[in-house]
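Student:
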Amino acid sequence: MVNLFSDYWWIGLTDIKTEGSFEWLSGRPLTHTDWYQGTSNQPDNVGALGQTDKKHSRCSSRSSSISISIESALGAFDFLNTEEENGDTDNHHDASVFDHVMSSPDSTAKTADSGIESLAKRLSEDTQLGSSLGSSPLPPTTENDQVDHALVYHLVYCERLLESLGVYGPLKCREIYALDRLQKQADIIDSLIKISENGSDIDLLSVMSSLTEDKSLREFWARCTDQNLLYIQPEKLVTCLDQKYGAQLRSKYERDPKRVLRHLVMRLLDVPNYDPETIKPTCIVTLHQFMTYFKEEGGLQHVDAVASEINMIEKLCCEDSDTVIKTILQLKDVLPQPQCIKILGVLLMGSDTEIADYIESYLRKINKNKESRDKALVVFAEGLEDKTSEIRAGSCKALQILEATESIDRLAYICQTDRSTTVQDQAKAALTSLGEDGRQAFDVTQLTTHGFQGIQVQK
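Quick note on numbering: the UniProt record's numbering labels position 222 of the sequence shown as 222, and the sequence is numbered without any gaps.
1) Could you spell out the range, first to last residue, of the alpha helix (DSSP H) harbouring residue 306?
2) Which of the three DSSP states is assigned to residue 231 in this structure?
3) So residue 208 is in the alpha helix (DSSP H); what residue range does that whole segment cover?
4) Could you check whether residue 146 and residue 202 sit closer than 8 Å to each other, using their CB atoms as the reference points?
5) Buried or exposed: residue 198, going by 16 or more other Cβ atoms within 10 Å of its Cβ?
6) Use the C-beta contact count for residue 160: other C-beta atoms within 10 angstroms, 16 or more gives buried, fewer gives exposed.
7) Going by the beta-carbon positions, is the gap between residue 384 and residue 392 smaller than 8 Å?
8) Which partner residues does residue 285 have in the DSSP bridge list?
9) How many angstroms separate the CA atom of residue 432 from the CA atom of residue 255?
10) Using CA atoms only, rank isn't needed, just tell me which of 230, 305, 182 is closest to residue 192.
11) Could you check whether residue 377 and residue 404 sit closer than 8 Å to each other, using their CB atoms as the reference points?
12) Checking 8 Å against the spacing of the C-beta atoms, do residue 154 and residue 185 come in under that value?
13) Just how far apart, CA to CA, sit residue 333 and residue 369?
14) Could you tell me whether the segment 278–292 touches the segment 336–352, where touching means 3 or more Cβ pairs closer than 8 Å?
15) Taking 7 Å as the limit between beta carbons, can you name the residues of its chain near residue 224, skipping five residues before and five after?
16) My guess is that residue 216 and residue 268 are in contact by the Cβ rule of under 8 Å, so how many angstroms apart are they, rounded?
17) Looking at the secondary structure, which residues open and close the alpha helix (DSSP H) in which residue 366 lies?
18) Does residue 330 pass the burial test, meaning 16 or more other C-beta atoms within 10 Å, or should it be called exposed?
19) Is it true that the CB of residue 419 sits closer than 8 Å to the CB of residue 170?
20) Which class does residue 226 belong to by DSSP, given the choice of helix, strand or coil?
21) Suppose contacts are defined by Cβ-Cβ distances below 8 Å. Is residue 415 in contact with residue 397 by that definition?
22) Please look up how many angstroms separate the CB atoms of residue 346 and residue 394, rounded, as I've assumed it's under 8 Å.
23) Quick one: grab the DSSP three-state call for residue 147.
24) Considering only residues of the same chain and omitting the five flanking positions on each side of residue 158, which have a CB-CB separation below 7 Å?
25) Which same chain residues, not among the five before or five after residue 242, have their C-beta less than 8 Å away from its C-beta?
26) Would a C-beta distance cut-off of 8 Å place residue 316 and residue 327 closer than the cut-off?
27) May I ask which residues mark the beginning and end of the alpha helix (DSSP H) holding residue 333?
28) Can you name the start and end residues of the alpha helix (DSSP H) that residue 377 belongs to?
29) Rounded to whole angstroms, what's the CA-CA distance from residue 176 to residue 190? Just pull it up for me.
30) In three-state DSSP terms, what is residue 341?
31) Look up residue 165 in the DSSP assignment and say whether it is helix, strand or coil.
32) Identify whether residue 159 lies in helix, strand or coil by the three-state DSSP scheme.
33) Beta-carbon within less than 7 Å of residue 352's beta-carbon, same chain only, minus the 5 sequence neighbours each way: which residues are those?
34) Going by DSSP in three states, residue 349 sits in which element: helix, strand or coil?
35) May I have the straight-line CA-CA distance separating residue 310 from residue 141, to the nearest angstrom?
36) Note down, in chain order, each residue of its chain lying with its Cβ closer than 6 Å to the Cβ of residue 214, except the 5 sequence neighbours on either side.
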């Protein structure tokens with residue numbers, strides 16, 4: 001039986017106490033409830049989970065609880081050291097734009113390594129300390145090993161998502177996506193609670209039917225599983241996808257299919273990169289995670305869509321300008337996938353003026369179609385929050401071409417706060433091109449920068 005509060009499982013959680021730990025978790029979403037009504041049922045679900053946990057708890061007599069402070073838990077995460085340093089990043093070109101774009105754009109983790117082992121050691125030490133002090137080291141459990149594994153994964157994921165809340169200023173794409181994902185996690189936790197109520201028996205067909213009507217998804221997952229029905233290892237998923245789609249992808253796109261499939265798994269896991277050589281054996285893909293992702297993406301045909309997207313990105317990023325131009329012309333007035341759209345923004349800022357002219361012409365076509373324009377505006381608004389300065393600058397330029405007066409507040413914020421002078425300059429150029437409102441917004445940013453907050457700029 002997996003112990004919910006021992007070994008390596010509470011990755012990312014902070015202020016954890018063996019007793020009342022689910023109450024701790026329910027307190028975190030509650031601090032956001034007044035701001036974000038979208039997560040209103042999250043505390044209820046976690047509270048229900050706490051009640052389920054109490055029924056099976058074998059820690060009724062503990063003299064003290066095992067507690068991990070926020071500082072110590074965060075200190076266990078080696079991946080935090082990879083965070084972007086402050087300052088202008090214009091001169092950092094160690095990785096290609098392709099590598100940046102191919103990393104998951106809105107993932108909530110900084111790396112696929114979650115620091116499990118280092119945190120596990122601390123948990124183990126604290127557990128041994130609690131035992132030596134006369135406290136029972138046996139933590140609560142739902143009495144269902146598979147549910148325990150899945151619950152821990154999704155609860156930790158909730159903690160990661162909570163870190164994206166409370167973002168101030170007009171740039172809230174990451175926050176909006178986190179709220180949407182938190183709502184989905186609330187539903188997943190509710191489903192897992194219901195599964196745990198049936199004891200150790202799991203009716204896989206019934207569970208899958210409650211998650212999706214897509215028969216192909218249910219059949220595929222059933223073929224992937226063995227003794228564990230609620231989760232599998234990521235590489236097991238890659239292998240199963242390769243067996244089903246590998247020959248097709250290799251023939252159609254002339255590439256190693258596993259590269260495409262691992263990129264897909266990276267997105268599914270919501271991590272910025274996925275390397276089977278470094279991924280920890282404790283990393284899992286849950287049934288609920290799998291079904292939620294593919295249901296949103298339209299089913300298993302999403303596999304080919306990802307391959308097509310990667311193929312287009314590689315063509316747009318190649319050194320042969322003729323290939324790039326041909327790829328742009330093939331778009332006509334159709335929008336590609338979001339990552340491809342961001343690449344177009346980057347190319348706008350490149351040294352090849354001919355390519356930039358073709359992209360500008362393409363965006364002006366998009367500007368004439370309201371539905372396409374609205375979708376493009378969303379992508380470039382996301383681009384303003386990207387970790388890569390080239391994408392942020394390109395998004396500013398694209399918003400200028402699309403005459404995006406709707407984005408004036410965002411551009412003004414970027415103009416005032418971005419660490420890259422190139423991005424700031426491009427945001428300024430975009431603002432000053434957006435009529436009187438844009439110029440006024442820029443003037444206000446200049447006054448604020450020089451300490452004149454609150455002064456009104458007359459039109």
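Quick reminder that beta carbons are idealized off the backbone N, C-alpha and C, glycines included.
Tutor: In short:
1) Here residue 306 corresponds to residue number 306 of the sequence shown, with the count starting at 1. Element bounds for residue 306: 302–316.
2) As a working note, residue 231 is residue 231 in the sequence shown. If DSSP states are grouped into helix, strand and coil, residue 231 belongs with the strands.
3) Indexing the sequence shown from 1 puts residue 208 at position 208. For residue 208, the enclosing alpha helix (DSSP H) stretches over residues 204–211.
4) In the sequence shown, counting from the first residue as 1, residue 202 sits at position 202. In the sequence shown, counting from the first residue as 1, residue 146 sits at position 146. It is a contact, given that the beta carbons lie within the stated cut-off.
5) Walking along the sequence shown from the start, residue 198 turns up at place 198. Exposed, by the Cβ-count rule.
6) Taking the sequence shown and counting its residues from 1, the one referred to as residue 160 is at position 160. So residue 160 counts as buried.
7) For the purposes of this step, residue 384 is identified with residue 384 of the sequence shown, where counting begins at 1. For the purposes of this step, residue 392 is identified with residue 392 of the sequence shown, where counting begins at 1. For residue 384 and residue 392, yes; Cβs fall inside 8 Å.
8) Numbered from 1 along the sequence shown, position 285 holds the residue referred to as residue 285. Note: residue 285 is bridge-paired with 232 in the DSSP secondary-structure output.
9) Locating residue 432 in the sequence shown gives position 432, where the first residue counts as 1. Locating residue 255 in the sequence shown gives position 255, where the first residue counts as 1. Cα to Cα, residue 432 sits roughly 45 Å from residue 255.
10) Start at 1 with the first residue of the sequence shown, and residue 192 comes out as number 192. If we check each option's Cα against that of residue 192, 230 comes out closest.
11) Locating residue 404 in the sequence shown gives position 404, where the first residue counts as 1. Locating residue 377 in the sequence shown gives position 377, where the first residue counts as 1. It is a contact, given that the beta carbons lie within the stated cut-off.
12) By 1-based counting over the sequence shown, the position of residue 154 is 154. By 1-based counting over the sequence shown, the position of residue 185 is 185. The answer is yes: Cβ separation under 8 Å.
13) Along the sequence shown, one-based indexing puts residue 333 at 333. Along the sequence shown, one-based indexing puts residue 369 at 369. Answer to the nearest angstrom: the Cα atoms are 9 Å apart.
14) Contact annotation: the segment 278–292 does not touch the segment 336–352, with fewer than three C-beta pairs closer than 8 Å.
15) The sequence position of residue 224 within the sequence shown is 224, counting from 1. For residue 224, where only same-chain residues beyond five positions count, the Cβ hits under 7 Å are 232, 236, 237, 240.
16) As a first step, residue 216 is located in the sequence shown; it is residue number 216 there, counting from the start. As a first step, residue 268 is located in the sequence shown; it is residue number 268 there, counting from the start. Rounded, the Cβ-Cβ distance is 16 Å, inconsistent with contact.
17) If you number the sequence shown from 1, residue 366 lands on position 366. Annotation: the continuous alpha helix (DSSP H) that includes residue 366 extends over 353–366.
18) Position 330 of the sequence shown, counted from the first residue, corresponds to residue 330. Counting Cβ neighbours within 10 Å, residue 330 comes out exposed, since fewer than 16 surround it.
19) Numbered from 1 along the sequence shown, position 170 holds the residue referred to as residue 170. Numbered from 1 along the sequence shown, position 419 holds the residue referred to as residue 419. Contact: no.
20) By 1-based counting over the sequence shown, the position of residue 226 is 226. For residue 226, the secondary structure class from DSSP, reduced to helix, strand or coil, is coil.
21) Within the sequence shown, residue 415 is the residue found at index 415, counting from 1. Within the sequence shown, residue 397 is the residue found at index 397, counting from 1. In this structure, residue 415 sits away from residue 397, with a CB-CB distance that is not shorter than 8 Å.
22) Reading the sequence shown from its first residue, position 346 is the one you call residue 346. Reading the sequence shown from its first residue, position 394 is the one you call residue 394. The beta-carbon distance between residue 346 and residue 394, rounded to whole angstroms, is 4 Å. This is short enough to meet the 8 Å contact definition.
23) To locate residue 147, count along the sequence shown from 1; it is residue 147. Under the three-state reduction of DSSP, residue 147 is assigned to helix.
24) Taking the sequence shown and counting its residues from 1, the one referred to as residue 158 is at position 158. These residues qualify, in order along the chain: 182, 185.
25) Your numbering for residue 242 matches position 242 in the sequence shown. Result list for residue 242: 257, 258, 261, in chain order.
26) Position 316 of the sequence shown, counting from 1, holds the residue named residue 316. Position 327 of the sequence shown, counting from 1, holds the residue named residue 327. Residue 327 is positioned such that its CB atom lies closer than 8 Å to that of residue 316.
27) As a working mapping, residue 333 is identified with position 333 in the sequence shown. In this chain, residue 333 is not harboured by any alpha helix (DSSP H), its DSSP state being neither H nor E.
28) The residue labelled residue 377 in the question sits at position 377 within the sequence shown. Where residue 377 is concerned, the enclosing alpha helix (DSSP H) stretches over 370–383.
29) Stepping through the sequence shown from its first residue, residue 176 is reached at position 176. Stepping through the sequence shown from its first residue, residue 190 is reached at position 190. For the pair residue 176 and residue 190, the Cα-to-Cα distance works out to about 22 Å.
30) As a working note, residue 341 is residue 341 in the sequence shown. Reduced to three states, the DSSP call for residue 341 is helix.
31) Taking the sequence shown and counting its residues from 1, the one referred to as residue 165 is at position 165. Of the three classes helix, strand and coil, the one that applies to residue 165 here is coil, per DSSP.
32) Against the sequence shown, residue 159 aligns to sequence position 159. In this structure, residue 159 counts as helix in the three-state DSSP scheme.
33) The sequence position of residue 352 within the sequence shown is 352, counting from 1. The answer, listed in chain order, is 321.
34) On the sequence shown, residue 349 is found 349 positions in, with the first residue counted as 1. In the structure shown, residue 349 sits in coil (DSSP, three-state: anything other than H, G, I, E or B).
35) Along the sequence shown, read from residue 1 onward, the residue named residue 310 stands at position 310. Along the sequence shown, read from residue 1 onward, the residue named residue 141 stands at position 141. Approximately 42 Å between the Cα atoms of the pair.
36) By one-based count along the sequence shown, residue 214 stands at place 214. Once the five neighbours on either side are set aside, the close Cβ partners of residue 214 are 299.
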